[in-house]
Amino acid sequence: MSLQAYIEAAQQFFDELVERASDDELFAGGYLRGHFDLAVGYAQVEELTLSVDELNAKVESSLVKAYRDGELNEEDKHHVVTIWERLKQLGA
28 MSLQAYIEAA QQFFDELVER ASDDELFAGG YLRGHFDLAV GYAQVEELTL SVDELNAKVE
88 SSLVKAYRDG ELNEEDKHHV VTIWERLKQL GA
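Using the numbering used here, read the sequence shown as starting at 28 and increasing by one per residue.
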């Protein structure tokens with residue numbers, strides 16, 4: 028899958044999540060979307076040519092930093108990780 032196709036599939040995934048997710052999942056999805064969009068934006072600004080795996084690594088690095096900084100409690104982190112694992116399957 029190309030990076031652009033993955034980004035488009037991810038945006039659709041996030042949009043569809045709004046229609047069927049619980050409140051906790053909506054929070055986690057919005058939180059994850061922020062990290063995802065930030066990684067995509069940095070890649071575009073820096074004119075990087077990334078693979079899907081490289082983009083995912085940037086998102087994961089951002090999430091790990093956020094977890095270390097205590098941005099989420101354990102329950103919220105669990106929801107983010109669960110949604111992140113589902114999202115990564117789109118690019119597999």
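Glycine included, C-beta positions come from ideal geometry on N, C-alpha and C.
If you're wondering where the values come from, they're calculated on a predicted model, not measured in any experiment.
Expected contact under 8 Å - CB spacing of residue i and residue j to nearest Å
| i | j | result |
| --- | --- | --- |
| A36 | D103 | That pair is no contact at about 24 Å. |
| F40 | L117 | 6 Å |
| E52 | L44 | 7 Å |
Beta-carbon contacts of residue i that lie in its chain and below 8 Å, excluding the five residues immediately before and after
| i | result |
| --- | --- |
| V107 | A55, Y58, L59, L90 and L99 |
| E93 | With the sequence shown as reference, residue 93 is identified as Ala, and Glu is not the correct amino acid for it. H62 and L99. |
Coarse secondary structure for residue i, derived from DSSP in three states
| i | result |
| --- | --- |
| L75 | coil |
| A37 | helix |
| A48 | coil |
| A32 | helix |
Cutoff 7 Å; reference residue i; Cβ partners in own chain excluding five residues on either side
| i | result |
| --- | --- |
| L30 | L77, S78, V79 and L82 |
Runs of alpha helix (DSSP H) wholly within the region 54-98 (minimum 4 residues, chain order): As summarised for the region 54-98, the continuous alpha helix (DSSP H) elements at least 4 residues long and confined to that stretch are 79-95, given in chain order.
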